[in-house]
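> Numbering (the UniProt record's numbering), first residue to last: 1 to 314.
For reference, the structure I am asking about is given below.
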Amino acid sequence: MLLGFIGVAIFSQTLPFTRMAVAELDATFVALARALVATLLALALLWQRGALSAAHRPRGGQWFRLAVTALGVVIGFPLFSSLAMREVPASHGAIVIGLLPLATAVFAAWFGRERPSIAFWAAALAGSALVVGFALWQGAGALQHADWLLFAAMVLGALGYAEGGKLSRELGGLETISWALVVSLPVVLPTVAWMAAQTLPQIAAASARAWLGMAYVSLFSMFIGFVFWYAGLAKGGVARVGQIQLLQPFMTLAGGALLLAEPLDAPTIGFAVAVIAVVALGRRTAVRAAPGSATSATSGPSAASAGLPPARSR
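Now the structure itself:
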(Lines of atoms letter the chains of each structure in order from A; the text may use other names.)
(Lines give C-alpha, C1' and ligand atoms only; values in the text may rest on other atoms or scores of the structure.)
Protein backbone atom coordinates (compact mmCIF):
# COMPACT_ATOMS: atom_id res chain seq x y z
CA MET A 1 0.00 0.00 0.00
CA LEU A 2 2.84 2.39 0.85
CA LEU A 3 4.39 2.13 -2.61
CA GLY A 4 1.04 2.85 -4.26
CA PHE A 5 0.46 5.77 -1.91
CA ILE A 6 3.84 7.25 -2.84
CA GLY A 7 2.99 6.91 -6.53
CA VAL A 8 -0.35 8.68 -6.14
CA ALA A 9 1.26 11.38 -3.98
CA ILE A 10 3.83 12.00 -6.72
CA PHE A 11 1.18 12.25 -9.43
CA SER A 12 -0.98 14.53 -7.29
CA GLN A 13 1.61 17.30 -7.32
CA THR A 14 1.90 17.44 -11.11
CA LEU A 15 -0.41 20.43 -11.55
CA PRO A 16 1.14 22.58 -8.78
CA PHE A 17 4.66 21.98 -10.10
CA THR A 18 3.50 22.50 -13.70
CA ARG A 19 2.02 25.85 -12.70
CA MET A 20 5.32 26.68 -11.03
CA ALA A 21 7.22 25.93 -14.25
CA VAL A 22 4.90 27.66 -16.75
CA ALA A 23 4.96 30.86 -14.71
CA GLU A 24 8.34 31.57 -16.33
CA LEU A 25 8.83 29.00 -19.09
CA ASP A 26 6.82 28.47 -22.27
CA ALA A 27 4.03 25.99 -21.56
CA THR A 28 4.58 23.99 -24.75
CA PHE A 29 8.30 23.79 -24.01
CA VAL A 30 7.55 22.52 -20.49
CA ALA A 31 5.12 19.88 -21.78
CA LEU A 32 7.47 18.47 -24.41
CA ALA A 33 10.80 18.93 -22.62
CA ARG A 34 9.52 16.91 -19.68
CA ALA A 35 8.81 14.04 -22.06
CA LEU A 36 12.31 14.33 -23.51
CA VAL A 37 13.94 14.09 -20.09
CA ALA A 38 11.71 11.17 -19.10
CA THR A 39 12.60 9.38 -22.34
CA LEU A 40 16.24 9.23 -21.25
CA LEU A 41 15.17 7.46 -18.06
CA ALA A 42 12.88 5.19 -20.07
CA LEU A 43 15.72 4.16 -22.38
CA ALA A 44 17.90 3.40 -19.36
CA LEU A 45 15.14 1.24 -17.88
CA LEU A 46 14.55 -0.63 -21.12
CA TRP A 47 18.28 -1.24 -21.50
CA GLN A 48 18.59 -2.47 -17.91
CA ARG A 49 15.73 -4.93 -18.48
CA GLY A 50 17.10 -6.10 -21.80
CA ALA A 51 13.96 -4.86 -23.55
CA LEU A 52 15.86 -3.06 -26.33
CA SER A 53 16.82 -6.32 -28.00
CA ALA A 54 14.88 -7.28 -31.11
CA ALA A 55 13.27 -10.23 -29.34
CA HIS A 56 11.70 -8.02 -26.67
CA ARG A 57 10.65 -4.97 -28.67
CA PRO A 58 6.99 -4.26 -29.47
CA ARG A 59 5.78 -5.85 -32.67
CA GLY A 60 3.37 -5.11 -35.48
CA GLY A 61 0.23 -3.29 -34.41
CA GLN A 62 1.66 -2.66 -30.94
CA TRP A 63 3.65 0.24 -32.38
CA PHE A 64 0.49 2.00 -33.54
CA ARG A 65 -1.13 1.42 -30.15
CA LEU A 66 1.96 2.85 -28.47
CA ALA A 67 1.61 5.91 -30.70
CA VAL A 68 -2.00 6.33 -29.52
CA THR A 69 -0.86 5.98 -25.92
CA ALA A 70 1.89 8.54 -26.49
CA LEU A 71 -0.55 10.94 -28.14
CA GLY A 72 -2.66 10.85 -25.00
CA VAL A 73 -0.30 10.62 -22.04
CA VAL A 74 3.06 11.82 -23.36
CA ILE A 75 1.96 14.74 -25.52
CA GLY A 76 -1.77 15.50 -25.26
CA PHE A 77 -2.38 15.54 -21.51
CA PRO A 78 0.88 17.33 -20.60
CA LEU A 79 0.47 19.90 -23.36
CA PHE A 80 -3.12 20.94 -22.67
CA SER A 81 -2.77 20.81 -18.90
CA SER A 82 0.40 22.93 -19.09
CA LEU A 83 -1.39 25.50 -21.25
CA ALA A 84 -4.29 25.55 -18.79
CA MET A 85 -2.01 26.04 -15.79
CA ARG A 86 -0.99 29.44 -17.19
CA GLU A 87 -4.53 30.68 -16.59
CA VAL A 88 -6.14 28.88 -13.64
CA PRO A 89 -4.98 27.62 -10.21
CA ALA A 90 -3.92 24.01 -9.72
CA SER A 91 -6.94 23.59 -7.45
CA HIS A 92 -9.24 24.42 -10.37
CA GLY A 93 -7.48 21.87 -12.55
CA ALA A 94 -7.73 19.23 -9.82
CA ILE A 95 -11.53 19.42 -9.85
CA VAL A 96 -11.93 19.40 -13.64
CA ILE A 97 -9.39 16.63 -14.17
CA GLY A 98 -10.90 14.68 -11.28
CA LEU A 99 -13.21 12.89 -13.71
CA LEU A 100 -10.30 11.34 -15.61
CA PRO A 101 -10.88 7.86 -14.09
CA LEU A 102 -14.47 7.80 -15.35
CA ALA A 103 -13.45 9.16 -18.76
CA THR A 104 -10.84 6.41 -18.99
CA ALA A 105 -13.49 3.81 -18.16
CA VAL A 106 -15.67 5.14 -20.99
CA PHE A 107 -12.85 4.70 -23.51
CA ALA A 108 -11.99 1.28 -22.09
CA ALA A 109 -15.61 0.16 -22.49
CA TRP A 110 -15.69 1.54 -26.03
CA PHE A 111 -12.48 -0.23 -27.02
CA GLY A 112 -13.74 -3.45 -25.43
CA ARG A 113 -17.18 -3.13 -27.06
CA GLU A 114 -18.82 -3.38 -23.66
CA ARG A 115 -22.06 -1.99 -22.30
CA PRO A 116 -21.60 -0.13 -19.01
CA SER A 117 -24.47 -0.32 -16.55
CA ILE A 118 -27.05 2.41 -16.13
CA ALA A 119 -25.53 3.16 -12.72
CA PHE A 120 -22.14 3.78 -14.34
CA TRP A 121 -23.59 6.19 -16.90
CA ALA A 122 -25.52 7.94 -14.14
CA ALA A 123 -22.27 8.41 -12.21
CA ALA A 124 -20.51 9.68 -15.33
CA LEU A 125 -23.29 12.17 -16.10
CA ALA A 126 -23.45 13.33 -12.49
CA GLY A 127 -19.71 13.82 -12.43
CA SER A 128 -19.77 15.74 -15.69
CA ALA A 129 -22.54 17.98 -14.36
CA LEU A 130 -20.53 18.65 -11.20
CA VAL A 131 -17.39 19.56 -13.13
CA VAL A 132 -19.23 21.83 -15.57
CA GLY A 133 -21.09 23.41 -12.67
CA PHE A 134 -17.81 24.06 -10.87
CA ALA A 135 -16.26 25.55 -14.01
CA LEU A 136 -19.27 27.82 -14.55
CA TRP A 137 -19.20 28.92 -10.91
CA GLN A 138 -15.50 29.77 -11.14
CA GLY A 139 -15.99 31.50 -14.48
CA ALA A 140 -18.89 33.70 -13.32
CA GLY A 141 -21.41 31.80 -15.43
CA ALA A 142 -19.23 31.04 -18.45
CA LEU A 143 -16.62 28.43 -19.27
CA GLN A 144 -13.12 29.87 -19.31
CA HIS A 145 -10.56 29.23 -22.05
CA ALA A 146 -8.59 27.12 -19.57
CA ASP A 147 -11.62 24.89 -18.98
CA TRP A 148 -11.64 23.84 -22.61
CA LEU A 149 -7.92 23.10 -22.39
CA LEU A 150 -8.52 20.97 -19.30
CA PHE A 151 -11.38 19.14 -21.00
CA ALA A 152 -9.07 18.40 -23.95
CA ALA A 153 -6.37 17.18 -21.54
CA MET A 154 -8.88 14.90 -19.85
CA VAL A 155 -10.17 13.38 -23.10
CA LEU A 156 -6.71 12.80 -24.56
CA GLY A 157 -5.42 11.51 -21.25
CA ALA A 158 -8.31 9.08 -20.96
CA LEU A 159 -7.70 7.87 -24.52
CA GLY A 160 -4.03 7.28 -23.78
CA TYR A 161 -4.64 5.59 -20.44
CA ALA A 162 -7.30 3.25 -21.84
CA GLU A 163 -5.17 2.19 -24.80
CA GLY A 164 -2.07 1.98 -22.64
CA GLY A 165 -3.98 -0.09 -20.11
CA LYS A 166 -4.79 -2.70 -22.73
CA LEU A 167 -1.25 -2.69 -24.03
CA SER A 168 0.28 -3.01 -20.57
CA ARG A 169 -1.23 -6.49 -20.32
CA GLU A 170 0.98 -7.50 -23.23
CA LEU A 171 4.15 -5.49 -22.61
CA GLY A 172 4.00 -4.77 -18.87
CA GLY A 173 3.14 -1.46 -17.21
CA LEU A 174 6.56 0.17 -17.01
CA GLU A 175 7.53 -1.14 -20.43
CA THR A 176 4.39 0.39 -21.94
CA ILE A 177 5.00 3.91 -20.62
CA SER A 178 8.71 3.58 -21.47
CA TRP A 179 8.06 2.57 -25.06
CA ALA A 180 5.37 5.26 -25.39
CA LEU A 181 8.00 7.82 -24.41
CA VAL A 182 10.47 6.36 -26.92
CA VAL A 183 7.86 6.40 -29.69
CA SER A 184 7.30 10.12 -29.09
CA LEU A 185 11.01 10.93 -29.47
CA PRO A 186 10.98 11.72 -33.24
CA VAL A 187 8.37 14.41 -32.59
CA VAL A 188 9.51 15.63 -29.19
CA LEU A 189 13.27 15.95 -29.79
CA PRO A 190 13.27 18.30 -32.82
CA THR A 191 10.37 20.33 -31.41
CA VAL A 192 12.10 20.87 -28.08
CA ALA A 193 15.37 21.76 -29.83
CA TRP A 194 13.60 24.32 -32.02
CA MET A 195 11.67 25.81 -29.10
CA ALA A 196 14.80 26.01 -26.97
CA ALA A 197 16.49 28.03 -29.70
CA GLN A 198 13.46 30.31 -30.06
CA THR A 199 13.00 30.95 -26.34
CA LEU A 200 16.63 30.90 -25.22
CA PRO A 201 16.47 34.30 -23.42
CA GLN A 202 13.38 33.18 -21.50
CA ILE A 203 15.03 29.88 -20.60
CA ALA A 204 18.21 31.61 -19.45
CA ALA A 205 16.24 34.05 -17.27
CA ALA A 206 14.10 31.39 -15.58
CA SER A 207 14.53 31.16 -11.82
CA ALA A 208 15.49 28.13 -9.77
CA ARG A 209 11.84 27.85 -8.75
CA ALA A 210 10.74 27.42 -12.37
CA TRP A 211 13.42 24.80 -12.97
CA LEU A 212 12.37 22.99 -9.81
CA GLY A 213 8.88 22.70 -11.27
CA MET A 214 10.34 21.53 -14.57
CA ALA A 215 12.53 18.94 -12.85
CA TYR A 216 9.63 17.56 -10.84
CA VAL A 217 7.26 17.04 -13.77
CA SER A 218 10.07 15.57 -15.90
CA LEU A 219 11.54 13.13 -13.39
CA PHE A 220 8.72 12.37 -10.98
CA SER A 221 5.41 12.96 -12.77
CA MET A 222 6.53 11.51 -16.07
CA PHE A 223 8.52 8.52 -14.87
CA ILE A 224 9.43 7.90 -11.21
CA GLY A 225 5.78 8.01 -10.15
CA PHE A 226 5.11 5.08 -12.48
CA VAL A 227 7.82 3.01 -10.80
CA PHE A 228 6.15 3.36 -7.40
CA TRP A 229 2.64 2.97 -8.81
CA TYR A 230 3.26 -0.29 -10.63
CA ALA A 231 5.36 -1.66 -7.76
CA GLY A 232 2.44 -0.89 -5.43
CA LEU A 233 -0.04 -2.62 -7.71
CA ALA A 234 2.20 -5.68 -7.92
CA LYS A 235 2.53 -6.00 -4.14
CA GLY A 236 -0.79 -4.73 -2.84
CA GLY A 237 -3.16 -5.63 -5.65
CA VAL A 238 -5.25 -3.42 -7.90
CA ALA A 239 -8.38 -3.41 -5.73
CA ARG A 240 -6.67 -2.26 -2.53
CA VAL A 241 -4.05 0.08 -3.94
CA GLY A 242 -6.47 1.58 -6.47
CA GLN A 243 -8.60 3.04 -3.69
CA ILE A 244 -5.72 5.35 -2.77
CA GLN A 245 -6.45 7.23 -6.00
CA LEU A 246 -9.49 8.77 -4.36
CA LEU A 247 -7.13 10.86 -2.23
CA GLN A 248 -5.37 12.39 -5.23
CA PRO A 249 -7.51 15.51 -5.80
CA PHE A 250 -7.27 16.37 -2.10
CA MET A 251 -3.49 16.00 -2.28
CA THR A 252 -3.47 18.34 -5.28
CA LEU A 253 -5.54 20.91 -3.40
CA ALA A 254 -3.13 20.68 -0.47
CA GLY A 255 -0.14 21.00 -2.79
CA GLY A 256 -1.58 24.09 -4.44
CA ALA A 257 -2.12 25.68 -1.05
CA LEU A 258 1.31 24.81 0.34
CA LEU A 259 3.47 25.32 -2.75
CA LEU A 260 1.61 28.15 -4.47
CA ALA A 261 -0.35 29.72 -1.60
CA GLU A 262 -3.59 29.10 -3.49
CA PRO A 263 -6.64 29.87 -1.36
CA LEU A 264 -8.96 27.02 -0.41
CA ASP A 265 -12.61 27.84 0.13
CA ALA A 266 -15.51 25.70 1.26
CA PRO A 267 -17.20 25.45 -2.18
CA THR A 268 -13.99 24.18 -3.83
CA ILE A 269 -13.53 21.53 -1.16
CA GLY A 270 -17.22 20.65 -1.44
CA PHE A 271 -16.97 20.15 -5.20
CA ALA A 272 -13.86 18.00 -4.67
CA VAL A 273 -15.70 15.78 -2.19
CA ALA A 274 -18.68 15.46 -4.55
CA VAL A 275 -16.53 14.59 -7.57
CA ILE A 276 -14.58 11.97 -5.63
CA ALA A 277 -17.84 10.46 -4.36
CA VAL A 278 -19.08 10.15 -7.94
CA VAL A 279 -15.79 8.61 -9.08
CA ALA A 280 -15.97 6.12 -6.21
CA LEU A 281 -19.51 5.19 -7.27
CA GLY A 282 -18.38 4.83 -10.87
CA ARG A 283 -15.58 2.51 -9.81
CA ARG A 284 -18.03 0.29 -7.94
CA THR A 285 -20.21 -0.02 -11.03
CA ALA A 286 -17.32 -0.39 -13.47
CA VAL A 287 -18.08 -2.53 -16.49
CA ARG A 288 -16.75 -6.05 -16.75
CA ALA A 289 -15.10 -7.39 -19.86
CA ALA A 290 -17.01 -9.88 -21.93
CA PRO A 291 -15.56 -13.42 -22.00
CA GLY A 292 -12.47 -13.51 -24.18
CA SER A 293 -11.92 -9.75 -24.19
CA ALA A 294 -9.41 -7.67 -22.27
CA THR A 295 -10.41 -6.61 -18.78
CA SER A 296 -11.79 -3.13 -18.91
CA ALA A 297 -10.01 -0.38 -17.08
CA THR A 298 -11.61 2.04 -14.75
CA SER A 299 -8.50 4.18 -14.71
CA GLY A 300 -4.95 4.64 -13.50
CA PRO A 301 -3.99 7.50 -11.22
CA SER A 302 -6.21 10.36 -12.17
CA ALA A 303 -4.16 13.06 -13.38
CA ALA A 304 -4.40 15.90 -12.17
CA SER A 305 -1.27 14.01 -13.63
CA ALA A 306 -0.05 14.48 -16.45
CA GLY A 307 1.76 11.67 -15.20
CA LEU A 308 -0.93 9.16 -14.72
CA PRO A 309 0.00 5.63 -15.66
CA PRO A 310 -1.73 3.80 -18.44
CA ALA A 311 -4.98 2.51 -17.08
CA ARG A 312 -4.63 -0.66 -15.16
CA SER A 313 -7.69 -2.70 -14.42
CA ARG A 314 -8.26 0.53 -12.78
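Where a beta carbon is used, it is the ideal one built from N, C-alpha and C, also for glycine.
Go ahead and pull the three-state DSSP assignment for Gly139.
Looking at Gly139 - three-state DSSP - the assignment turns out to be coil, as it is neither helix nor strand.
> Hey, Leu66 and Ala180 are a contact pair by Cβ (cut 8 Å); roughly how many whole angstroms apart?
Sure, about 5 Å apart at Cβ, within 8 Å.
> Please state the DSSP three-state secondary structure of Leu2.
Leu2: helix per DSSP, three-state reduction.
> Got a sec? Which residues, its chain only, sit under 6 Å from Leu159 by beta carbon, not counting five neighbours each side?
Counting only Cβ-Cβ distances below 6 Å, and skipping sequence neighbours, we find Gly72 and Phe107.
> Could you tell me whether the Cβ atoms of Ser218 and Ala38 are closer together than 7 Å?
Against a cut-off of 7 Å, the Cβ pair of Ala38 and Ser218 comes out as a contact.
> Pop quiz: Thr252 and Ser82 are said to be a contact at Cβ under 8 Å. What is the actual Cβ separation, rounded to whole angstroms?
That pair is no contact at about 15 Å.
> Please list the segments of the beta strand (DSSP E) lying wholly inside the UniProt domain "EamA" (147-281), counting only runs of 3 or more residues, in order along the chain.
Here no run is fully enclosed.
> Which residue comes first and which comes last in the alpha helix (DSSP H) that contains Phe93?
Here residue 93 is Gly; the residue named in the question, Phe, does not match the sequence. That run of the alpha helix (DSSP H) goes Ala90 to Ile97.
> Return the first residue and the last residue of the alpha helix (DSSP H) that Met20 is part of.
Here the alpha helix (DSSP H) through Met20 covers Thr14 to Val22.
> In chain order, what are the residue ranges of uninterrupted alpha helix (DSSP H) at least 4 long that sit wholly in the segment 63-136?
Within the segment 63-136, the complete alpha helix (DSSP H) runs of at least 4 residues are 77-84, 90-97 and 100-111.
> Restricting to Cα atoms, I'd like to know which of Met85, Leu130 and Val183 is closest to Ala35.
Nearest of Met85, Leu130 and Val183 to Ala35, Cα basis: Val183.
> Does the separation of the CB atoms of Leu102 and Gly76 fall below 7 Å?
Not a contact, by the Cβ cut-off of 7 Å.
> Here's a check: name, in chain order, each residue in its chain whose Cβ is nearer than 8 Å to the Cβ of Leu260, leaving out the five neighbours to either side.
The residues are Pro16, Arg19, Met20, Pro89 and Ala90.
> Where does the unbroken alpha helix (DSSP H) through Thr285 begin, and where does it stop?
Unbroken run through Thr285: none, as it is neither H nor E.
> Within this structure, are the beta carbons of Val74 and Leu99 separated by less than 7 Å?
In this structure, Leu99 does not lie closer than 7 Å to Val74 by Cβ.
> What did DSSP end up calling Ala38 once you bin it into helix, strand or coil?
If DSSP states are grouped into helix, strand and coil, Ala38 belongs with the helices.
> By alpha-carbon positions, which one of Ile224, Ile276 and Ala135 ends up nearest to Gly173?
Nearest C-alpha to Gly173: Ile224.
> For Gln144, which of helix, strand or coil comes out of DSSP?
If DSSP states are grouped into helix, strand and coil, Gln144 belongs with coil.
> Ordered along the chain, which non-local residues of its own chain (more than five positions away) have a Cβ less than 7 Å from that of Ala146?
The answer, listed in chain order, is Ala84, Glu87 and Val88.
> Residues in the same chain with beta-carbon distance under 7 Å from Leu143, minus the five sequence neighbours each way, listed in chain order, please.
For Leu143, where only same-chain residues beyond five positions count, the Cβ hits under 7 Å are Ala135 and Leu136.
> Taking the alpha carbon of Ile95 as the point to measure from, which residue in Glu262, Gly164 and Pro249 has its own alpha carbon closest?
Among Glu262, Gly164 and Pro249, the Cα nearest to that of Ile95 belongs to Pro249.
> Which same chain residues, not among the five before or five after Leu189, have their C-beta less than 8 Å away from its C-beta?
If we look at Leu189 and ignore the five residues flanking it on each side, its Cβ neighbours are Leu36.
> Can you look up Gly60 in the DSSP assignment and give me helix, strand or coil?
Here Gly60 sits in coil by DSSP.
> I'd like to check one pair, Pro116 with Ala123: are the Cβ atoms closer than 7 Å?
Not a contact, by the Cβ cut-off of 7 Å.
> Select from Ile6, Leu25, Pro263 and His56 the residue whose C-alpha is nearest the C-alpha of Ala204.
Closest by alpha carbon: Leu25.
> Could you give the distance in angstroms between the alpha-carbon of Leu43 and the alpha-carbon of Pro263?
Rounded to the nearest angstrom, the two C-alpha atoms are 40 Å apart.
> Among Ala153, Ser178, Gly93 and Phe111, which residue has its Cα nearest to the Cα of Ile269?
The residue with the shortest Cα to Cα distance from Ile269 is Gly93.
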